[in-house]
Each structure stands twice: as C-alpha cells, then as structure tokens.
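Position in the sequence shown counted from 1, then plus 73, gives you the working numbering. All C-beta atoms in this analysis are idealised placements derived from N, C-alpha and C, irrespective of residue type, glycine included.
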Amino acid sequence: MGTYFLVNRISSSAPLKASAVRSSAGAPSSAIPTKATLGVRAMPPMGWRMLLLVLAAVVCLWPMVRLASMAVVDWSGAGQSAAAQVLVQRATWQALWHSLVTSTGGMLVSLVLGGSFALLVTLTNVRAKALWVFGLMLPMMIPPQVTALAWLQMTGPSSALLQALGMAPPLGSPQPLYSAAGIALLLGVQHAALVYLAVRTSLLAIPADLVEAAQQAGAGRMRVLADVVWPLARRGLAAGAMLAFVSGLGNFGIPALLGIPASYYVLPTLIYQKMASLGATMLPQVAILSVMTGVIALLGVWLQQWLQQSGGYRLLGHVGKPLQWSLGKARPLAEAVLLVVLVVVLVAPMLALLAASLVPALGVRLNWDNMGLSAYAEMLLSQRVTWRAAGNSLLLSVLAAVVLVALCLPLAWWMARRPSRGLRWLEGVLELPYAVPGVVLAVACILAFARPFPWWDWGLYGSLWLILVAYLARFWIVALRPLLSAMHDVDPALEEAAQLAGANPRQRLSHILAPLLAPACWAAGLLVFLTALNELTVSALLWSAGKETLGVLIFNFNESGETVLASAVSVLIVLFVVLAMLALAWLGRKLPRGAIPWRN
C-alpha cells in the first residue's frame, strides 16, 4: 500500500547523425529511428494501453463507484432509508468501537514485536538473521483463520497439545481468546511483519559513520538510540503502526473465529452477518457499513503516507556502511529472546494445530494409542468438498497470477519509461482495492456485478469468475510492485539498441525485457498465487454452493464443529505456504532490491 516514486531514466547515448548513417540495404539514414523518435515509437501499442485502462476502470474503479453510489442514492435526510436505519442501530456503533479497540490493540502488539525484531535483526550482529525474518514473516503469509485456529488449539481446555503435556485447564474453563484481548493479540502477531518492514527500511538508511560521530562525541548507546536512531526511524515506526492498524481493521478471519462465538462483532463480521440475513434492506445497509469501513481504512492509509512524507530529520546523500552494533557477550541472550518469541508466536501454535489434526475428536487426549491420520484420510478420501475447494483455490490463484503478470509487464514498462500525472492517478486506482478492507471490496463486487450483462443473459454473480474479478482487483498492485522495481533497473539503452536494429514493440518485449524480467515475473506470480490461495475475506462473501475455496472450507469446517478436519486442512496449507516462501527466498537472490519486500 505504499507510494511509488517513478524515475524517468534517460539514456546518455549521443544522438545519431543522419548524414553519417545508412542502412545495410542502402536506404537513407532518415528511415532509421533516432533518439528523438524513440520516445514515441517505443510506447506500447494503443490497443494495449486502451485495454489496460479499460480493465483497470472496470475491475478496480467501477465496483468502488457502484458501492459509493448505492450508499449515497439510498440515503435520505428524513432517515427513512435502509442506509439511514443502520446508522441508528446500536450494533453498528458497537461494532465500530470494537473494530477500533481491536485494531488499536493489535497495532500496539505489532509495534512491540515488529519494532523489537527490527532493532535486533537490523542493527545488531545476531546470527541467523534470515531465520528470524522468515519466522516473523510466516504468520503474515499464513491465512488468518489458520492463525486463529492454531492459537485456539494451543489454549483452552480442549487443546490436544496441552492435554498431552498435562497443562490443560479444567474442563469447562472459558477459552481466553474469545475476547477483545484475544483478537487484538492475534491481529498483532499477524501484522507484526508490517511494522518490521517499515522500521527496517528506516534503520537501513542510518549510516554507521553518523553513529560513530555521536559516540566519539561521548554519547553512550542509549543516548545514540534516543538522539540519533529514534529521530530517523520514528516515521517508519509510525507508518508501520498505521499499516498494522488498517490491516487489523479489515481482517475477517481472526475476528470471525474468535469474536462470533462470544458475540463480539467488528465491522467486517457485522457485514458478514447482515449478508447472511438477506432481506430487502440488506444491500443498502451492507453498502453503508462498507463505506464506513472503507473511509476509516483510507484515512489510515492517508495518515500512513503523510507520516512517511511529513517533516522531520532526513539524511543527505547515500548511505555508506549500514549501522551494525556488536552485542558482545549479550548476543546469545538476544538470540535466545528471538527464539523464545518465535516459539511462542509460531512454533507452539503450529504444533498445537498438528496435534489437533492427529486426535480422533476434539477434546480427546493425545497419546500414542489414539494418534493417527484418520482426519487426513477423511479429508482427502471421503470429503469431496476438500478436492473441490482445493481445485477452486488453485484455479483462481493460478489464473490471477498469470493474468496479472501478463497485464503488469507492459504496464510496468509504461509507468517506468513514461511517468505522467495520469499514470500516477492510475496507480492510485490500482492501490484502492488493496487499501480498503477485503469485505468492502467483496460487497462492491456484488453490487457492481450482481445483475446479468445487458447484452448477454449471463452474469458473474454466484460464479467463480466473480471471485476471480475480485482477486484481480485486490492483487493487481501486488503483482505490479516487483515488476515496477525490476523495470527501473533495466537500462533503456537496451531497448533503444533493439529498436535501432528493427525490432518492433512485441519483439522488444519478448526478446529483451521478458528474459531480463523473468525472475521478477516469477516473484510477482508467486506473491499473487500465495496471497490469493490463502485469501478468506473476499471469498467469504462471494462464494456459493460448489464454489468454495480453501479459506472458506476451513472456516465452514470450524463453524460446523469439524475442528479436527479444519486442523488437518490447515496443516497442509501451512506446509504449502512454507514451501512457497522458501521458493520466494531462493528466487529473491536473483532479483533487484525491492522485488521481495522482506529482502535487503
């Protein structure tokens, strides 16, 4: 959800002299394109540009416009509209307050976790930095409903792991996570990586010689942290805090699994409840709730961008050697702290999830006699819905990844080579569906595509294609980021040389840019594929019978009391996520800076 600063890279090659150059066929040199004509003829074909603009408008902008118009048109000053009625209901303002409470609490937890990891991993000489970063990033890539389910299996009287260890609370004890504090805790764990990324970016910009100068002036390490590091890193910390807040505001999986059983509703779960209730006033009420949620999220995004651009201390010039402190004898202690944190927030919940998938029923004590793979056999051999959901998720994720990479490749070229105010507006349009909560985008897609197309007696509503459209809108900017970053690192002189040799735009794209950008294309595709495969918030409102995704399957299994089956599906998804992230980590070594967000 960041802002991109496009750099117009100009080739330094000298202009060709028409009087001195002739083609091999003897044609006059004026037929050879010179640097003055490269800028016009190197543009993507008009058909591509029009297709990109039309798709961006239909997929990303039209649903938001339709949502806003529904909320505005249904409104009446007399207070008789369905939209006005929902604003006077106590449940609406209670859900709004709950959203603010849990999002703020999650933000504070993310600040502690992400900020501490950023300081220790970025500024000190702790070993195995890649391991700590991988462990912190993993909860953000795991579906939130899986995170919630894992923590539920780690706490409470029915935990198979705690029962096996003899540490389970007495039967009948309340589940402590069914509360606002439980939701805030898991939101903080889920989004701590966002704070880490934002703070790490600021810390990497602090040069070592600046700190050395302060230390030579007599400043101790704590004084350096207070007077040098904090002023330069506080904008990154504030921006990360806003990112965590906005992400918590739009999270559906964690509040749904932890809040609905305790009748603790936030705005996304209230919208989900009203969608399930149907009725003549359902759509207008859902529209106004979605607009309310979207406005709060966009205010948070605007505040995050303002904090990044606001006045404060800035560095002049380039950073030489980055700052890194030696911990000396305290290094094993720091590494032990990092290990304990990862064990608590990642390893223990995953072990509890695995234990819950190996028992025959929820609440049964795990031992060698009843341990088995019956849940996996039931899920893979007897439950046809498992394969259907897996097939739907794989199909949607692969299609979203392929289509978005194909669209973003020429778009990234256009943005990098021909930056303009119009393209900056286009970038803002592409960021909008990713900035607002997923439940807002889902409602917007329902309103935009609920009716059949006027020229065709067929519509998207109730089909997998509506979920695909929502995925394209939500993850377009995710695919564009690594491609745009890689495009800035490709020298335009290569394309100019190919054009001088007679290559048309399609040939330059396929023979020059595509091989150079192949790693970035794979990274963009994997990021979209992995994010779409684990998505729940959008598909929870758009799925219909026979159109389930894996995220919906886990949610439905847990809601229907099939917690053991839900745990088995979740274990397989976590394994897949780990493998995909390892593939991204390996691929990241071949990519330019910025293509993979958590790599240097």
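When DSSP states are grouped into helix, strand and coil, Trp398 belongs to the strand group. Within the same chain, and ignoring the five residues on either side of Ala312 in sequence, the residues whose Cβ sits closer than 6 Å to its Cβ are Ala271, Gln377, Leu380, Gln381.
Rounded to the nearest angstrom, the Cβ distance from Val509 to Gly367 is 4 Å, consistent with a contact under 8 Å.
For Val319, the closest alpha carbon among the candidates Thr175, Ser252, Ser455 is that of Thr175. Taking Leu134 as the centre and dropping the five residues before and after it, the same chain places the C-beta of Val502, Leu505 closer than 8 Å to its C-beta, in chain order.
Partner residues in a beta bridge of Thr459, as assigned by DSSP, do not exist. The alpha-carbon of Arg547 is positioned some 8 Å away from that of Leu514.
As a beta-bridge residue in DSSP terms, Thr197 pairs with Trp398. Per DSSP, Ile585 is not a residue of any alpha helix (DSSP H), being assigned neither H nor E.
Using a 10 angstroms sphere on the CB of Leu276, the tally of other CB atoms reaches 16 or more, which defines it as buried. Only residues of its own chain outside the window of five on either side were considered, and among them Phe522, Ala523, Arg524, Pro525, Phe526 have a CB closer than 8 Å to the CB of Gly532, listed in chain order.
Of the other Cβ atoms in all chains shown, fewer than 16 fall within 10 Å of the Cβ of Gly401; this residue is therefore exposed. Going by beta carbons, Ala462 and Leu626 fall inside the 8 Å limit.
Look at the beta carbons and you see the stretch 415-431 touching the stretch 210-228: at least three pairs across the two are nearer than 8 Å. Taken in chain order, the unbroken stretches of alpha helix (DSSP H) that lie wholly in the stretch 277-354 and span 4 residues or more are 281-289, 294-297, 303-323, 326-332, 340-350. Val199 and Pro136 have their C-alpha atoms spaced approximately 47 Å apart.
In this model, Leu204 and Arg490 are separated by some 37 Å (Cα to Cα). Of all alpha-carbon atoms in Gly179, Lys202, Leu181, Met180, the one lying nearest the alpha-carbon of Phe190 is that of Lys202. Excluding sequence positions up to five before and after Ala141, its CB lies within less than 8 Å of the CB of Val364, all in the same chain and listed in chain order. Here Ser466 is buried, its C-beta having at least 16 other C-beta atoms within 10 Å.
Using a Cβ-Cβ distance cut-off of 8 Å, the stretch 586-602 and the stretch 647-664 are in contact, since at least three pairs of beta carbons, one from each stretch, lie closer than that value.
Trp498 counts as exposed, since fewer than 16 other beta carbons sit within 10 angstroms of its beta carbon.
Around the Cβ of Val413, a 10 Å sphere holds fewer than 16 other Cβ atoms; the residue is exposed.
With the rule of 3 Cβ pairs closer than 8 Å, the stretch 637-648 does not count as touching the stretch 572-592.
Contact fails between the stretch 162-180 and the stretch 301-312, because fewer than three Cβ pairs, one in each stretch, are under 8 Å apart. Annotated three-state conformation of Tyr534 is coil, per DSSP. Restricting attention to beta strand (DSSP E) runs no shorter than 3 residues, the stretch 415-441 encloses none. For Met210, the enclosing alpha helix (DSSP H) starts and ends at 202-214. At least 8 Å separates the beta-carbon of Ala370 from that of Gly321. Beta-carbon to beta-carbon, Leu186 and Leu250 are separated by about 17 Å, too far to satisfy the 8 Å threshold. Here DSSP, grouped into helix, strand and coil, assigns Val542 to helix. Counting along the chain, the unbroken alpha helix (DSSP H) around Thr610 starts and ends at 610-615. DSSP, read as helix, strand or coil, puts Asn631 in helix.
Per DSSP, the unbroken alpha helix (DSSP H) holding Gly511 starts and ends at 511-522. Just so you know, the alpha carbons of Ile585 and Ala591 end up roughly 11 Å apart.
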